[in-house]
Amino acid sequence: MPSKFVDPSSLPTMTFDWGVIKPLVATDNTEDAEVSMMHVILLPGKGHERHNHPESDEILYILAGEGDQMVDDGEPKRIRPGDTVFIPKGAFHSTLNTGYEPMVILAIYAPAGAEEVLKTLPDYQEVPAGEAPVLNRG
Numbered sequence: 005m006p007s008k009f010v011d012p013s014s015l016p017t018m019t020f021d022w023g024v025i026k027p028l029v030a031t032d033n034t035e036d037a038e039v040s041m042m043h044v045i046l047l048p049g050k051g052h053e054r055h056n057h058p059e060s061d062e063i064l065y066i067l068a069g070e071g072d073q074m075v076d077d078g079e080p081k082r083i084r085p086g087d088t089v090f091i092p093k094g095a096f097h098s099t100l101n102t103g104y105e106p107m108v109i110l111a112i113y114a115p116a117g118a119e120e121v122l123k124t125l126p127d128y129q130e131v132p133a134g135e136a137p138v139l140n141r142g
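Residue 43 in the working numbering sits at position 39 of the sequence shown, with consecutive numbering throughout.
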């Protein structure tokens, strides 16, 4: 049931070969959301391959870890906790965790909805609310 208050433990977790995403604010769990916010964890040595969001701007705020961020097919730049990256609508971009620990990111989409395409990726699996995702090495 959509709400204005979000309890992360009541939400499913999106899992991928490269990490996990908790959709904290999304069109299917928050009342009248015009933006969405994802809690993203990239495993060491893993990342998002080059892609774009034709209908949404994206803002990345780095909470932990470090990596390389490419925006608009430019040279990758080093990103660390406290850094913010603005990715304009339609710009191709990628993120790679280059550190030894998980990289934690808040990703905001405006307008909301760009997160729905994640459910179509071949390695997408959903872990029900309250269950911990299994992370594999290798």
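We put the CB at the ideal spot given by N, CA and C, even for glycine. On a predicted model such as this, the values are computed, not experimentally measured, just so you know.
Item: TYR104 burial status per 10 Å Cβ neighbour count (16 or more: buried); Value: exposed
Item: Where GLU70 falls: helix, strand or coil (DSSP); Value: coil
Item: For LEU100, the three-state DSSP class (helix, strand or coil); Value: strand
Item: Close beta carbons around LYS8, own chain, < 6 Å, minus the five adjacent residues each side; Value: GLU35
Item: Cβ contact (3+ pairs, closer than 8 Å) linking the region 53-64 and the region 109-127; Value: yes
Item: Min CB distance THR34 to chain B below 8 Å; Value: The chain inventory of the structure shown lacks chain B, comprising one protein chain alone.
Item: Best match in LEU15, THR19 and PRO12 for proximity to LEU125 [C-alpha to C-alpha]; Value: THR19
Item: Extent of the continuous beta strand (DSSP E) run through THR17; Value: 17-20
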